[in-house]
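> Below you will find the structure I want to go over with you.
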Amino acid sequence: MHALHQTLLPSSSIHHSLFLPHFTPSTIYPLPKPPAALDTLDVKVIGNLVVAGAEVLRVFEIREESVPIIENVKLEEDVAEGEKDVQMEEVGDGFFDDGHAERAPLKYQTTRRLHLLTQHELNGTITGLAATRTLESTIDGLDRLIVSFKDAKMALLEWSRGDIATVSLHTYERCSQMNTGDLQSYVPLLRTDPLSRLAVLTLPEDSLAVLPLIQEQSELDPLSEGFSRDAPYSPSFVLSLSDMSITIKNIQDLLFLPGFHSPTIALLFSPMHTWSGRLQTVKDTFCLEIRTFDLSSGTSYPLLTSVSGLPSDSLYLVACPSELGGIVLVTSTGIVHVDQGGRVTAACVNAWWSRITSLKCSMASVSQKLTLEGSRCVFVTPHDMLLVLQNGAVHQVRFSMEGRAVGVIEVLDKGCVVPPPSDLTVAGDGAVFVGSAEGDSWLAKVNVVRQVVERSEKKKDEMEVDWDEDLYGDINDAALDEKAQELFGPAAITLSPYDILTGVGKIMDIEFGIAASDQGLRTYPQLVAVSGGSRNSTINVFRRGIPITKRRRFNELLNAEGVWFLPIDRQTGQKFKDIPEAERATILLSSEGNATRVFALFSKPTPQQIGRLDGKTLSAAPFFQRSCILRVSPLEVVLLDNNGKIIQTVCPRGDGPKIVNASISDPFVIIRRADDSVTFFVGDTVARTVAEAPIVSEGESPVCQAVEVFTDTTGVYRTFEPSKSESSEPISHQIDSENKPNITNGINGTTARSARQTQLTPQQIKRLQEQEPAITTEAPSMETAINSPHGTQWLALVTRGGELQIRSLPDLQIVLQSEGLASSAPSFTDDLGENPGYVLGEKREEGEEEDEIIQMVFCPIGKGTVRQHLLALHHSGRLNAYEAQPRFTVDASSHSRRSLAVRFRKVHTQLLPISGGVGTTNGNARLPYTIVPFNNIEGLTGAFITGEKPHWIISSEAHPLRAFALKQAAMAFGKTTHLGGKGEYFIRIEDGSFICYLPPTLNTDFAIPCDRYQMERAYTNITFDPTSAHYVGAASIEVPFQAYDEEGEIQLGPDGPDLIPPTNQRSTLELFSQGSDPWKVIDGYEFDQNEEVMSMESVNLESPGAPGGYRDFIAVGTGFNFGEDRATRGNTYIFEILQTVGPQGGGGPGSVPGWKLVKRTKDPARHPVNAVNHINGYLLNTNGPKLYVKGLDYDSQLMGLAFLDIQLYATTVKVFKNFMLIGDLCKSFWFVSLQEDPYKFTTISKDLQHVSVVTADFLVHDGQVTFISSDRNGDMRMLDFDPTDPDSLNGERLMLRTEYHAGSAATVSKVIARRKTAEEEFAPQTQIIYATADGALTTVVSVKDARFKRLQLVSDQLVRNAQHVAGLNPRAFRTVRNDLLPRPLSKGILDGQLLNQFALQPIGRQKEMMRQIGTDAVTVASDLQALGGFW
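So for the sequence shown, full-length UniProt numbering puts the first residue at 1; every next one is plus one.
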């Protein structure tokens, strides 16, 4: 059997973060400004933030903007009688302000937000991020990024053509340190020199991979022959730290220090190990050395400072600002400062310091009783450092100076709380980023409050002379610190959120269930994931698609094929305070068959029909500032008044071809007929008439396959002014072009000083901005100037030959020509008429069938800050979404016409399923697809695609574009506000026509929509009881650890006032409510001291009193943590959820009575019960090295039936029919069966390899079964039971077929089944869902042989032909190292992440790859669509 592994939910955990001042051009050049905001403050990009977790790399802009402060000056009940609300309507006919309205002045506050630029899933696990600048940075002014990966790899990346581009990849996986070193304890550390002269990566066996970076042109001359002179680096090499000093062993941390002429590195290492039982004789084993890399001499590493005798619990180093100097060493019990002369100053934060080290310290902060394991530190002022603990508590660390040295280190009380940190970095001036692997991350504002202190003059004796002060001046002089110390005292620092980056975090457990709101015949399973863990948990309720939440039926539109809710200005319309006049729907057009009905909308639920028009409606929109309606039918174009009456026939009926589609944007209209001819109309606002206008001044109008006229309100659509090389200075086009000119004076020349700057100066930024081509900002006409808040208007045409033309309105001048849209290129810009063919796509051959574009929509998509997108729907059902990104420089050296300053970058692509087979197209489908844009539905702006498989196309500012499917076909869609709700929309589905709304709790930031609930406790397990439809969770509470001896007597440990007591976990069982107020604890059960829940499942056991003889119970396996001096044990519990009978409302506030958790039995065990399950009505539970099957006798006690001795320690038990897979901690898994007469376990087969199994599951497909296991390293293995194979030892050994590296280690797995009928007891096909420690959800589905062979060939083509980010090989990433095999077993599981790259390739490249393997692109896309799983 074969399988496909793909990602359902990418990882959102953040392990590494990095701030880059100038990584993208938007940090140098000003952003486009919306026309409606010309008089407001600019939005400024202060820098870029790069975050990484697992295999996901994301790049953000940090945008600083001013937002109004909303103040409720008057309440509604305080408004005097007769006083009307003043509403600011959009500019229309009467755009002159009468001046009588009283307006309160707006107050603004400055905030910063994260704006996502790009996101990639790489073919490697990211282990570090570092910033650098190369020789090219002196030309374009941009920073570069270095990313390190698992298996000792470094990639140098830069920003080019609107995305990340790979400069080089450096691999060290074949060096001797990686082949023979100890990889188990290897922790890769990536560091770069502050002046970008060196990058190092730690390797096993105390070695460094060194990459010298070139910063001056003169450094290119001494390069060795054969090395590329264009490379921004010198040849890298591997340095053994023993060459520096033989005492350097066991590197704990290292970092480069700022302010040195040569690269200077600080090394923290421990030549000798110690442990807690050896502290009486050996302590203070760590050493700190500061050495210089002398690159000129090659092998010289001078020692500057050496300090020994540092605490043995040292954790990491923090570089100090130049004003403070030195290095901060963080230990688990205190903070140590080491200056450049080797002077040590320390402060302890708990009383364990004196038991661990003999180093003298300040005891002023010992009462804080902090634990610094897992903490993160960063300096925010020259003398103040923020210390963020593992639980998110923020403490300020103040360094007080005594002369020129640090005198006192003071750790202040907790100031605030942030998410549990995995990384902490400074994100510009006055901000830090707190990255978390357990959930949401913060972009936080640093609040610095200083107390005013009056400076007292100190009188000196005339005879008292300080010679140093006489020579160098008073070191306490306020002039040295810009009078800060004179006016202000010590700072009090706290953090507050600027922006929150949502994330799932580590997933502890998952469970499938049915929502209580699902009623009737249609029930959709939901996946509940428990994430978080260290402080509290988050309940994430995932659904595949956005749920249809119905408010009321709309029976008047039962047969509607298309609806238009229009905000027409009518006196009888109902006004709502929270809905702007421009969004208030007053007229409804419903196209039904060969007629169109016109309705007037009021606040009443039932609309009033006021007219009827002949023919179906293709398009309708408000016209002439919402005073009229323009309607397009297949035969005519008419102008209607605000009551739906015809006032002008714009395009009368004729014998010509029918109109097939149209686009309207007041005052422009364009129609396309069946023969692909187009007609353009322009409305006269004064005369209230619409007339035809020619598109081209000479010749015939172009023949087009798609047309669109649209309005841009974001300001992104701008144009470059024409320029000629002979009449103007050469313009540096280094940022966007591939061939960068050799400009030596890019930033004040390439001097050593400018090349080694870490950040651009304002003068350098101004010089780069002056090189920018002129961009059109003025309004092209008087009419657009008057209506500037409405935005600029543009006309887009896709000719029959596949060329996209964008023309500015109203002058109809071409500003963009490109074939990139028709060829599905990854990105495209204006070709400027210089390239006859598109660079990234191949020209179509003669006789080759064309995949035409049948609909093209330019619309904003986003939440809060919207982005302009281009949606293109092809004839085959292919949907491409392009984001319109601003450009700041042109690719060509000269251009004779205006050029659109926009780059269209593909951000999403998919194939919409069409019934009827592969050859069916959208044009002849049963229900064709149509793109319907919408605006502001619960704050979301995007598009909805009606058809056989409807989709929502939405996005948010900090997350990529998402496409969420619906389970039912949709015939019509439209946003409405006539009932007073902002989040309401009309939809006609198979169940009928409804007014629906988006739930306010719905989160659409992730790849799967979900509802999120923040819990007060941390939860480790969750399960669903199908009988009561309730969830049960196991909470983990941190309590002081209590040690017991073998007789059960309490043992006392070390005692002291400031000693931190040891803690452990104690579990409780909690029953959650359902319905309108879900996830409230309504009942529970507390376990004993030191007892933790190890496993929990919903089991179906025999129960004589139940209907059918079976009943659902909750089985819980626990274990006791008694410490290392006493043997552990466990218990098996059986609980049942019962509905209470009696008076309701007996609970406390907020409780939901009616259900309770009842304990049926408790069965003691000699070992922890790590796994429970059920089989044929019996309970399965592990007990250390044994497996038991038990029956529930009279619902009150467990009766043992059979047992099986297994290898070492069972971790998982999975059941299919009467077969079981028992996973072991060290010995892989067994394949076992159970017989009932007599009760007996039978071992069928075993896996003989030593693998630490985390999950083991059955994968079933049409009578065949295979076994899929995953281990702690994230490796997935597929094994078969094949007695006919000679190597299987007559079936006693399971045969290994495939090894596949899945990335992050799985924490839990669930198997779901696809049953063709409800009567099928056992599944003919299964799907495995995995949850990982990095917050990802992945899946494995089976693949038929013919489809697998085809997709395997596609994968081979993609490995060779697709461009992979960072230059990583996807095949090498998925290969598992196994020394027992002569060659890797890499075939058998397809890489879904790699296959998803197929849809992103240009059409020409797709056809070329498919021609080599004898298939077509539509067949491959259909295969991938069919393998999407059944959840």
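Here a beta-carbon is modelled for each residue, glycine too, at the ideal position from N, C-alpha and C.
Evaluate contact between the region 330-344 and the region 357-373, counting only Cβ atoms and requiring at least three cross-stretch pairs below 8 Å.
yes
> From THR7 to VAL1260, what distance separates their C-alpha atoms?
20 Å
> Checking the sheet assignment: what are the DSSP bridge partners for TRP353?
TRP353 is not bridged to any residue.
> Could you give the first and the last residue of the continuous beta strand (DSSP E) run that contains GLN1264?
1264-1271
> Do ALA444 and VAL418 have their C-beta atoms closer together than 8 Å?
yes
> From MET178 to CYS1226, what distance separates their C-alpha atoms?
24 Å
> Considering LEU1381, what are the terminal residues of the alpha helix (DSSP H) in which it resides?
No alpha helix (DSSP H) holds LEU1381; DSSP gives it neither H nor E.
> Mind reading off the beta-carbon distance from GLU708 to SER663? Whole number of angstroms is fine, and I expect it under 8 Å.
Right, their Cβ atoms sit about 5 Å apart.
> What are the boundary residues of the beta strand (DSSP E) that LYS949 is part of?
No beta strand (DSSP E) contains LYS949, which DSSP labels as neither H nor E.
> If you follow the alpha helix (DSSP H) that GLN1397 is in, where does it begin and where does it stop?
1397-1400
> Consult DSSP for GLN368 and reduce its assignment to one of helix, strand or coil.
helix
> Determine which residues share a DSSP beta bridge with TYR997 and list them.
THR549, GLU984
> Of the residues LEU129, LYS550, GLY162, which one's Cα is nearest the Cα of ASP193?
Considering only alpha carbons, the answer is LEU129.
> Terminal residues of the continuous beta strand (DSSP E) containing THR192?
190-192
> Using 8 Å as the Cβ pair cut-off and three pairs as the minimum, do the region 10-17 and the region 396-415 touch?
no
> Out of ASN559, PRO1283, ARG1315, which one is the CA nearest neighbour of ASP1262?
Among ASN559, PRO1283, ARG1315, the Cα nearest to that of ASP1262 is on ARG1315.
> Give the range of the alpha helix (DSSP H) segment to which GLY1404 is assigned.
1403-1413
> Could you tell me which residues DSSP puts in a beta bridge with VAL432?
VAL426, ALA444
> What is the C-beta distance between LEU57 and LEU122, in whole angstroms, given that I count them as a contact (C-beta under 8 Å)?
6 Å
> DSSP beta-bridge partners for HIS273?
HIS273 is not bridged to any residue.
> Suppose you measure from the CA of LEU589 to the CA of ARG988; what does that come to, to the nearest Å?
14 Å
> So within the region 850-908, which uninterrupted beta strand (DSSP E) runs reach at least 3 residues, ignoring any that extend past its ends?
853-863, 865-874, 878-886
> Please return the same chain residues whose Cβ sits closer than 7 Å to the Cβ of VAL338, not counting the five positions on each side in sequence.
Only residues of its own chain outside the window of five on either side were considered, and among them LEU288, VAL307, GLY326, ILE327, LEU329, VAL344 have a CB closer than 7 Å to the CB of VAL338, listed in chain order.
> Can you name, in chain order, every residue of its own chain whose Cβ lies under 8 Å from the Cβ of PHE1359, other than the five neighbours on each side?
The sequence shown places Val at residue 1359, not Phe. The answer, listed in chain order, is ASN1369, PRO1370, ARG1371, LEU1394.
> Would you identify the three-state DSSP class for HIS15, choosing helix, strand or coil?
coil
> Which stretch, first to last residue, makes up the beta strand (DSSP E) that contains ARG174?
Per DSSP, ARG174 belongs to no beta strand (DSSP E) and is neither H nor E.
> In the region 289-359, which residue ranges form an unbroken beta strand (DSSP E) of at least 3 residues, counting only runs that do not cross its ends?
303-310, 314-319, 327-331, 334-338, 344-348
> Using the three-state DSSP reduction, which class does VAL696 fall into: helix, strand or coil?
Here VAL696 sits in coil by DSSP.
> So, using beta-carbon positions, are LEU424 and VAL388 closer together than 8 Å?
yes
> Which word fits ILE647, buried or exposed, when buried means at least 16 other C-beta atoms lie within 10 angstroms of its C-beta?
exposed
> Classify GLU1092 as buried or exposed, calling it buried when 16 or more other Cβ atoms lie within 10 Å of its own Cβ.
buried
> Using the Cα positions of ARG844 and ARG887, report the straight-line distance between them to the nearest angstrom.
The predicted model places ARG844 with a pLDDT of 48, which falls under 50 and marks its position as unreliable; any figure quoted below should be read in that light. Between ARG844 and ARG887, the C-alpha separation is close to 29 Å.
> In whole angstroms, what is the alpha-carbon distance linking GLY833 and PRO35?
Any reading at GLY833 needs caution, since the residue's pLDDT is 48, under 50, leaving its predicted position unreliable; the model's value is listed next. Cα to Cα, the separation comes out at about 29 Å.
> On the DSSP bridge list, what partners appear for VAL798?
ALA706, LEU804
> Can you list, in chain order, the residues of its chain with a C-beta nearer than 6 Å to that of GLY259? Leave out the 5 residues immediately preceding and following it.
SER322
> Any idea which residues DSSP pairs SER537 with across the strands?
GLY532
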